[in-house]
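Trainee: Supplied in structure tokens, the structure appears directly below.
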Amino acid sequence: MNEQLFGPNNHSKSEISWKQVDQERQEEIRSLLVRHYAYLVEEARAIRQVDEWEQYSNNYAVACAMRDGEEKNILVRKHILASNEEILNALLVTEYLRMNDLPVPKVIQSREDTSFIRRHGTGWQVFEFIPARYHFRGTADDLTTAGQVIARMHAALRSFPMKGDIPRSFDAMGSLDAAWWEQVASLHGENEFETTVRERKAFIQDRVARAVEALEIVSQAEEINHGDLHPHNFAGRGNKSRRPAPAQFSVLRG
11 MNEQLFGPNN HSKSEISWKQ VDQERQEEIR SLLVRHYAYL VEEARAIRQV
61 DEWEQYSNNY AVACAMRDGE EKNILVRKHI LASNEEILNA LLVTEYLRMN
111 DLPVPKVIQS REDTSFIRRH GTGWQVFEFI PARYHFRGTA DDLTTAGQVI
161 ARMHAALRSF PMKGDIPRSF DAMGSLDAAW WEQVASLHGE NEFETTVRER
211 KAFIQDRVAR AVEALEIVSQ AEEINHGDLH PHNFAGRGNK SRRPAPAQFS
261 VLRG
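Structure (structure tokens):
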């Protein structure tokens, strides 16, 4: 195998590593679980952090005693920069992948029945933990299976319905800020177009807002395409009966 292809660098390590979490962050995560996930988690017994950072998020593996008596790991993700809208947009894309039988991590709902929690300006999510050799040099069979999953993922994203909802005619309009509307108003209805624009202001604003939302959602799908060939973006299954899973996404990756 070409060692350069899967050699270690900033984004493609051959082995994942973990580090200890400082006391302040441990207390922050335990407080999150007590306040919002106590229906599921009895106690957080050990917390580790991926020894690598991303611009968007930090990931924590939390060994928990669950209410049902099981010992289980969960993945707690701290979104550093993502807005509520970005988190929800990413969930729309990943749920669509799940509907198309693509293996993606399941979000664990909070006791408030929300898919994420916003605390002190930061977004937090809890996921099922997928045990795997996250940074792996796969066998030929591993890489073949991963390639098949990539192909199926691309096929699903090409059919992502939000792509058809983008009003292409508004792509180049830019921001409709106060200065833009003042410029339209200064024309004093000199021709039919300006008059129509002024009369249909609410309609235009609504259409542009919908276009921006659609573009943001589709960008999440494009980010998945962007990252899918990095070896560290696949969780290699130790059990051959289970498929490698796309492990990281732009807003969701860590």
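If you read the sequence shown in the numbering used here, its first letter stands for residue 11, the second for the next number, and so on.
Yeah, the Cβ is synthetic: ideal placement off N, Cα and C, and Gly gets one too.
Three Cβ pairs or more, each shorter than 8 Å: is that satisfied between the region 100-110 and the region 69-79?
Mentor: These segments do not touch.
Trainee: Rounded to whole angstroms, what's the CA-CA distance from R77 to L112? Just pull it up for me.
Mentor: For the purposes of this step, residue 77 is identified with residue 67 of the sequence shown, where counting begins at 1. For the purposes of this step, residue 112 is identified with residue 102 of the sequence shown, where counting begins at 1. If you take the alpha carbons of R77 and L112, they lie about 29 Å apart.
Trainee: When the Cβ atoms of the region 119-131 are set against those of the region 40-58, are three or more pairs found closer than 8 Å?
Mentor: Enough Cβ pairs lie closer than 8 Å, so yes.
Trainee: Per DSSP, what are the beta-bridge partners of T132 in this structure?
Mentor: Locating residue 132 in the sequence shown gives position 122, where the first residue counts as 1. In DSSP, T132 forms a bridge with R129.
Trainee: Beta-carbon within less than 6 Å of V114's beta-carbon, same chain only, minus the 5 sequence neighbours each way: which residues are those?
Mentor: Along the sequence shown, one-based indexing puts residue 114 at 104. Answer for V114: T104, L107 and R108, listed in chain order.
Trainee: Taking the alpha-carbon positions, what's the Q36 to D216 distance?
Mentor: Translated into positions along the sequence shown, residue 36 becomes position 26. Translated into positions along the sequence shown, residue 216 becomes position 206. Distance between the alpha carbons of Q36 and D216: 44 Å.
Trainee: Assuming N94 is part of the alpha helix (DSSP H), what are its boundary residues?
Mentor: Position 84 of the sequence shown, counted from the start, is the residue given in the question as residue 94. From DSSP, the alpha helix (DSSP H) with N94 extends over N94 to M109.
Trainee: Compute the distance between the beta-carbons of V136 and Y47, then report whether it is under 8 Å.
Mentor: Position 126 of the sequence shown, counted from the first residue, corresponds to residue 136. Position 37 of the sequence shown, counted from the first residue, corresponds to residue 47. Yes. Within cutoff.
Trainee: So what's E122 in DSSP terms, helix, strand or just coil?
Mentor: Taking the sequence shown and counting its residues from 1, one reaches residue 122 at position 112. Here E122 sits in coil by DSSP.
Trainee: Whose C-beta lies closer than 7 Å to the C-beta of I57 among residues of the same chain, with five residues either side of it excluded?
Mentor: Here residue 57 refers to the residue found at position 47 of the sequence shown. So the list reads V31, Q36, I39, Y70 and V72, once near-sequence residues are dropped.
Trainee: Could you tell me the distance, in whole angstroms, from the CA atom of A271 to the CA atom of A54?
Mentor: Nothing about residue 271 can be read from this structure; the chain reaches only from 11 to 264.
Trainee: Can you tell me the Cβ-Cβ gap for I84 and E138, rounded? I've got them flagged as a contact below 8 Å.
Mentor: Residue mapping note: residue 84 aligns to position 74 of the sequence shown, counting from 1. Residue mapping note: residue 138 aligns to position 128 of the sequence shown, counting from 1. That pair is a contact at about 7 Å.
Trainee: Can you tell which of N110, G133 and G79 has its C-alpha closest to the C-alpha of R162?
Mentor: Here residue 162 corresponds to residue number 152 of the sequence shown, with the count starting at 1. Considering only alpha carbons, the answer is N110.
Trainee: Return the residue from the list V51, N94, S93 and V60 that minimises the CA-CA distance to E81.
Mentor: Reading the sequence shown from its first residue, position 71 is the one you call residue 81. E81 has its Cα closest to that of V51, out of V51, N94, S93 and V60.
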